[in-house]
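Going by our numbering, the first residue of the sequence shown is number 368, and it counts up by one from there.
The C-beta atom is built at its ideal place from N, Cα and C for all residues, glycine as well.
Just so it is clear, the structure is predicted and the values come from calculations on it, not from any experiment.
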Amino acid sequence: MEIKYCKKCVTPNTRPRIEFNEEGICNACLYAERKKIIDWKAKEEELIARVNIFKSNTNYDCIVAVSGGKDSHFQVYYTKEVLGLDPLCVTFIPSIPNEIGKKNLRNLIEKLGIDHIAITPNPEVHRKLCRVMFLEHGNQFIPWVQGIFSAVMQIAVEKNIPTILYGENGEAEYGGLTEGVGAKNETSEDLSVRLKSGRPNFKLPNKWHEYGFSAKELIPYIEPSEEEQKRVGIQRIYIGDYYPWSTKYNYEIVEKIGGFTMRETRSLGSYTRGAIIDDDIDEVYMWMLWPKFGFGRASKSASPDIREGAITREQAIKHVKKYDGEFPWQTFDKLLDYLMLTEDEFWSTVAKFVGDKENIQRERNTALKLGYNPDDLPLKFPVWERIGENKWRHLGTIHGEERILEIPIKRP
Numbered sequence: 368m369e370i371k372y373c374k375k376c377v378t379p380n381t382r383p384r385i386e387f388n389e390e391g392i393c394n395a396c397l398y399a400e401r402k403k404i405i406d407w408k409a410k411e412e413e414l415i416a417r418v419n420i421f422k423s424n425t426n427y428d429c430i431v432a433v434s435g436g437k438d439s440h441f442q443v444y445y446t447k448e449v450l451g452l453d454p455l456c457v458t459f460i461p462s463i464p465n466e467i468g469k470k471n472l473r474n475l476i477e478k479l480g481i482d483h484i485a486i487t488p489n490p491e492v493h494r495k496l497c498r499v500m501f502l503e504h505g506n507q508f509i510p511w512v513q514g515i516f517s518a519v520m521q522i523a524v525e526k527n528i529p530t531i532l533y534g535e536n537g538e539a540e541y542g543g544l545t546e547g548v549g550a551k552n553e554t555s556e557d558l559s560v561r562l563k564s565g566r567p568n569f570k571l572p573n574k575w576h577e578y579g580f581s582a583k584e585l586i587p588y589i590e591p592s593e594e595e596q597k598r599v600g601i602q603r604i605y606i607g608d609y610y611p612w613s614t615k616y617n618y619e620i621v622e623k624i625g626g627f628t629m630r631e632t633r634s635l636g637s638y639t640r641g642a643i644i645d646d647d648i649d650e651v652y653m654w655m656l657w658p659k660f661g662f663g664r665a666s667k668s669a670s671p672d673i674r675e676g677a678i679t680r681e682q683a684i685k686h687v688k689k690y691d692g693e694f695p696w697q698t699f700d701k702l703l704d705y706l707m708l709t710e711d712e713f714w715s716t717v718a719k720f721v722g723d724k725e726n727i728q729r730e731r732n733t734a735l736k737l738g739y740n741p742d743d744l745p746l747k748f749p750v751w752e753r754i755g756e757n758k759w760r761h762l763g764t765i766h767g768e769e770r771i772l773e774i775p776i777k778r779p
């Protein structure tokens, strides 16, 4: 197979779970077209009816999982002003929280007037988990993602609050499962299926003790039992399944609320200033898209912006050409310290996850040795060609210019 790009946006077919139709349009763009004909008023009424069942005079009506970002501001605003619910907002504390993130979370709490719980996992355990996941999967973000599902649900069960509201359904909005959107509750098992689609040897959190952690240390990352969930009647709901999710509109709501802080300059690797800015662990996580899949943070931001009409595809390609692959040096040393890695250890780990023929075959062989059915393994093909020791050539950029990845990248 060869690298292809959606004819409407800039998403490549190397993105996990992305699918293209016969006309070369990705499933995220197809869903964006479907959104134009959905009766959103009826969907919203359906959501209101669904959540009203659990409204309470003595308890919180729902839980809203928040980080403090622009989308969180919208979620809480929508929950209170449109759905008429009294939420308990819950945050799973970021791995390396920065001052902008702290300030925006405080702004959300104060401006929107909500009760709030911050879940802070054992910092040393979380740090070690992030290190393990980076070394094993090239993804130090996994423990936090697991926490916003499992630990938040623990609060819901503990406080007997059935409804948990999240923001957009990323599978539908950005490319993934779009059939049956909103038809069922998502579980952490569904989350793990998505993670396994990128890394077949991903272990479920109940297996993380194999990395040397005790059962008690892993409590924040394990969901309540199925019996506990059924007792409370837990339902996870994505607002985006019932409302036409829009990054542009979320920014408008943030401006209406006031007090939200964006970066003074764009995020390295992108052209945006207000997206994914509250956790310094995010920067290298976003950059890792480049060696793994051959696209970067600019591409990730540009495709949704195209679908919303904020930029044209031609403008997006210029952003991709200029910014994809740009390394986030401003948080690099902080990340090395957090993950307890030397610079050499970091770059040798990156080399294992470059999407070239050798690494893809090695990953497949490992999965087969672990007993995976060959038919269940994700279809992957090279995005980089090795042309020297720790040096690769991109096999097909959207802008047509050659791109070389050579590690370690030289410090500026």
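- Distance from the CA of Gly-600 to the CA of Trp-612, rounded to the nearest whole angstrom, comes to 26 Å.
- Taking every protein chain shown into account, the CB of Leu-455 has 16 or more other CB atoms within 10 angstroms, so this residue is buried.
- Distance from the Cα of Glu-540 is smallest, within the candidate group Cys-396, Val-443, Ala-416, Ile-486, for Cys-396.
- Around the Cβ of Phe-748, a 10 Å sphere holds fewer than 16 other Cβ atoms; the residue is exposed.
- Closest option to Lys-623, judged by alpha-carbon separation, among Cys-429, Lys-437, Glu-769, Lys-758: Lys-437.
- In this structure, the alpha-carbon of Glu-535 lies about 13 Å from that of Tyr-445.
- With 16 or more other Cβ atoms inside 10 Å of its own Cβ, Gly-641 counts as buried.
- Judged by their CB atoms, Val-492 and Tyr-578 are not nearer to each other than the 8 Å cut-off.
- Selection Val-457, Val-687, Gly-607, Tyr-533 evaluated against Gly-663 yields Val-687 as nearest (Cα-Cα).
- For Asp-482, DSSP records a beta bridge to Leu-455.
- Put simply, the region 521-532 touches the region 424-443. At least three CB pairs are less than 8 Å apart.
- Note on geometry: alpha-carbon atoms of Thr-632 and Ser-668 lie some 16 Å from one another.
- DSSP places Leu-414 in the helix class (H, G or I) of the three-state scheme.
- Between the region 760-779 and the region 673-693 there are three or more inter-stretch CB-CB distances shorter than 8 Å, so the stretches are counted as touching.
- Val-519 has no beta-bridge partner at all, per DSSP.
- Where Thr-446 is concerned, there is no enclosing beta strand (DSSP E), although the alpha helix (DSSP H) around it starts and stops at 437-448.
- The three-state secondary structure of Pro-587, taken from DSSP, is helix.
- In the DSSP assignment, Ile-620 falls outside any beta strand (DSSP E) and within the unbroken alpha helix (DSSP H) covering 614-624.
- Collapsing the DSSP output to three states places Lys-422 in coil.
- Contact between the region 648-657 and the region 698-718 is established, with three or more Cβ pairs separated by less than 8 Å.
- Closest by C-alpha distance to Lys-478, out of Lys-470, Trp-654, Ile-484, is Lys-470.
- For Lys-667, the enclosing alpha helix (DSSP H) begins and ends at 664-674.
- In the same chain as Gly-505, and ignoring 5 residues on each side of it, the C-beta atoms closer than 6 Å to its own belong to Met-655, Phe-720, in chain order.
- Excluding residues up to 5 positions away in sequence, Cys-376, Arg-680, Ala-683 lie with their Cβ nearer than 6 Å to the Cβ of Ile-673 in the same chain.
- It is roughly 28 Å from the alpha-carbon of Ser-715 to the alpha-carbon of Tyr-588.
- For the options Glu-411, Ala-485, Gly-625, Ser-434, the alpha carbon positioned closest to that of Gly-451 is the one of Glu-411.
- Contact between Leu-472 and Gly-514 fails: their C-beta atoms lie close to 15 Å from each other, not under 8 Å.
- From the listed residues His-766, Asp-743, Pro-745, Pro-775, the smallest Cα separation to Gly-755 is found for Pro-775.
- Within the DSSP bridge table, the entry for Phe-387 names Cys-393 as partners.
- Rounded to the nearest whole angstrom, the C-alpha separation of Phe-441 and Glu-594 is 32 Å.
- Our two residues, Gln-728 and Asp-743, have alpha carbons roughly 15 Å apart in a direct line.
- Looking at Ile-420, Ile-392, Glu-369, Glu-400, the one whose alpha-carbon comes closest to that of Glu-675 is Glu-400.
- Here His-483 is buried: its Cβ has 16 or more other Cβ atoms, across all protein chains shown, within 10 Å.
- Going by C-alpha positions, Thr-733 is about 46 Å away from Ile-476.
- Under the three-state reduction of DSSP, Leu-475 is assigned to helix.
- In the same chain as Ile-604, and ignoring 5 residues on each side of it, the C-beta atoms closer than 6 Å to its own belong to Leu-532, in chain order.
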